[in-house]
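Chains as they are written, first to last, in the numbering used here: chain S, 1 to 250; chain F, 1001 to 1274.
Ideal Cβ placement from N, Cα and C applies to all residues, glycine included.
If you're wondering where the values come from, they're calculated on a predicted model, not measured in any experiment.
First up is the structure itself, then whatever we jot down about it.
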């Protein structure tokens, strides 16, 4: 299977604080990669570096020729953007995901794209609502629609469920699974909670400034490095994927 | 003063020029204000206004047009503030304070070097509609068209950057270029505005109408439209009141804005939107 992105020996520091040390991994076509690790392990920084938002000290991200920057959708941590007073409608926010120069009205094509994606995410009724008046779950769906409206080949989700209640979280995971299984979108899911993502992921990157484990979900149970890092009991508990299968509704 | 005398006043060329230039600044500053206020860049306007004090002093010393001398220098200062803020070595507010205070010091230094133009300089500090020339009117028309048409052309990019700069970058928007465009347009608007309200009060021109419009909690484009209306109202009414009652024009306009802000805040509380 083709590699869409190859990260080679990425090192990054903020001043004297070393955040990433010699990190290498790849994102395959139709991959579902979960990037996990404790808080402050460099997960978000790694993705920001991949997206070109922060410069690396050394190393390189190689993109497949078929991948353009515009083919990557990004869902940042929602809580940073929930400004209750921002004067914009849901539709205006979703439209920022489109390459549009239009001020006064959206083109028919753009209207169609916005309606299509808002239908998929069940937010059609919210299009004319103010962005600041939404609940956490609705807001998350709007940002997801913004990331998906340009039909990305890779979707990077940064702690997408941290602000959601359990029911909405379940629906959200179902949606991500649907996008991966039926729309062939490669998913990169950042989470600090390995247990809740390993039932969807094909591959796991366990990060704690450096790569502790990178491989398929099946290999995780036997990773000595991960056992040394988080303990045998914790690793064993991660290997019982079938217990969490109820999340998946295709 | 009766209606006939007021109508007679409107035939004076200096007042007509003040109305034209004032209206153009009101529209330009309202188009820009929303991007500055929502990005927490309001103080950039204030910092650049201080820079324009130094440039006006320099122009008067060189016996040149303050508008022509000020625009390139104020644009340069806006780039310097952006650069200092982006490098993160000092915070954005500290960068503005450094550039602003240095500029005022240079302005005071220049004015002490040459005597004879301090009265003119004072009129630029607090604004005076009597100093608006026909050339200023033409320049204001051209520059306002530049500001408004640039905002309209780059609206999508400016809006995207204002809501979420990281997402805008990921989407391929050249965010540095958008920041520079906002800095250039702010500089032009500030230099235009110092004629009417002066270097001390021009930043309120950019901030007040947008903040008042934001109190009414509507969509992005409607907020701009409402800010334009409030701004036009306060400028035109302020000029008239200042002429009729012999008040300082700039201060009258800003105080009118302050009253509108209080009324909008009360309205916002009463309708439970704020």
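- What residue 136 of chain S touches in chain F, judged by beta-carbon distance under 8 Å, is nothing: the nearest beta carbon there is about 17 Å away.
- Beta-bridge annotation (DSSP): residue 75 of chain S is paired with S:157.
- Within the segment 28 to 45 of chain S, no residue has a Cβ lying closer than 7 Å to any Cβ of chain F.
- Boundaries of the beta strand (DSSP E) around residue 7 of chain S: 3 to 14.
- For residue 85 of chain S, the chain F residues whose Cβ falls inside 8 Å of its Cβ are 1214 and 1217, in order along the chain.
- Residue 1053 of chain F and residue 1129 of chain F do not touch by the CB rule: their CB atoms are close to 19 Å apart, not below 8 Å.
- In terms of Cβ geometry, residue 1215 of chain F and residue 1149 of chain F do not form a close pair [threshold 8 Å].
- Nearest CB-CB separation between residue 1172 of chain F and chain S: below the 8 Å threshold.
- Counting C-beta pairs closer than 8 Å gives three or more between the segment 1021 to 1030 of chain F and the segment 1184 to 1199 of chain F, which meets the contact rule.
- Annotation: Cβ neighbours of residue 72 of chain S in chain F (cutoff 8 Å, chain order): 1170.
- Here residue 203 of chain S has 28, 31, 32, 33, 34, 214, 215, 216 and 217 as same chain residues with Cβ atoms under 8 Å from its own Cβ, once five neighbours each way along the sequence are excluded.
- Non-local C-beta neighbours of residue 1203 of chain F in its own chain, meaning closer than 6 Å and more than five positions away in sequence, comprise 1045, 1046 and 1049, ordered along the chain.
- Within the segment 151 to 178 of chain S, no residue has its Cβ closer than 7 Å to any Cβ of chain F.
- Chain-ordered listing is empty here: chain S has no CB closer than 7 Å to the CB of residue 1136 of chain F, the nearest sitting near 29 Å.
- Counting of Cβ neighbours within 10 angstroms places residue 1234 of chain F among the buried residues, the total reaching 16 or more.
- Judged by DSSP secondary structure, residue 18 of chain S falls within the beta strand (DSSP E) whose first and last residues are 17 to 28.
- At a cut-off of 8 Å between C-beta atoms, residue 76 of chain S counts as an interface residue with respect to chain F.
- Within 10 angstroms of the beta-carbon of residue 1177 of chain F lie fewer than 16 other beta-carbons, which makes it exposed.
- By the beta-carbon neighbour count (other beta carbons within 10 angstroms, threshold 16), residue 1257 of chain F is buried.
- When C-beta atoms of the segment 8 to 22 of chain S are compared with those of the segment 153 to 172 of chain S, fewer than three pairs fall below 8 Å, so the two segments do not count as touching.
- The DSSP-derived three-state label of residue 1203 of chain F is helix.
- Counting only unbroken stretches of 4 or more residues, no alpha helix (DSSP H) element lies wholly within the segment 113 to 138 of chain S.
- In the three-state scheme derived from DSSP, where H, G and I count as helix and E and B as strand, residue 1178 of chain F is classed as helix.
- Under the criterion of beta carbons closer than 8 Å, residue 1132 of chain F and residue 1039 of chain F do not qualify as touching, at roughly 31 Å.
- In chain order, 87 make up the part of chain S whose C-beta sits under 7 Å from the C-beta of residue 1223 of chain F.
- Residue 72 of chain S sits away from residue 1161 of chain F, with the two beta carbons spaced by 8 Å or more.
- Apart from sequence neighbours up to five positions away, the residues of its chain that approach residue 20 of chain S with a beta-carbon distance below 7 Å are 10, 11, 12, 42, 45, 46 and 209, ordered along the chain.
- The Cβ of residue 97 of chain S sits closer than 8 Å to at least one Cβ of chain F.
- Using a CB distance cut-off of 8 Å, residue 1120 of chain F does not count as an interface residue toward chain S.
- Contact between the segment 223 to 235 of chain S and the segment 183 to 192 of chain S is not established, with fewer than three Cβ pairs separated by less than 8 Å.
- Fewer than three Cβ pairs drawn from the segment 48 to 68 of chain S and the segment 1139 to 1158 of chain F lie within less than 8 Å of each other, which leaves the two stretches out of contact.
- The Cβ atoms of residue 153 of chain S and residue 4 of chain S lie closer than 8 Å to each other.
- In the DSSP assignment, residue 61 of chain S falls within the unbroken beta strand (DSSP E) covering 58 to 63.
- In this structure the segment 1055 to 1063 of chain F lies against the segment 1108 to 1115 of chain F, because at least three pairs of beta carbons, one per stretch, are closer than 8 Å.
- Within chain F, the residues placing a beta-carbon under 8 Å from that of residue 53 of chain S are 1166, 1169 and 1170, ordered along the chain.
- Minimum Cα-Cα distance from residue 1248 of chain F among the listed residues F:1218, F:1223, F:1231 and F:1122 corresponds to F:1122.
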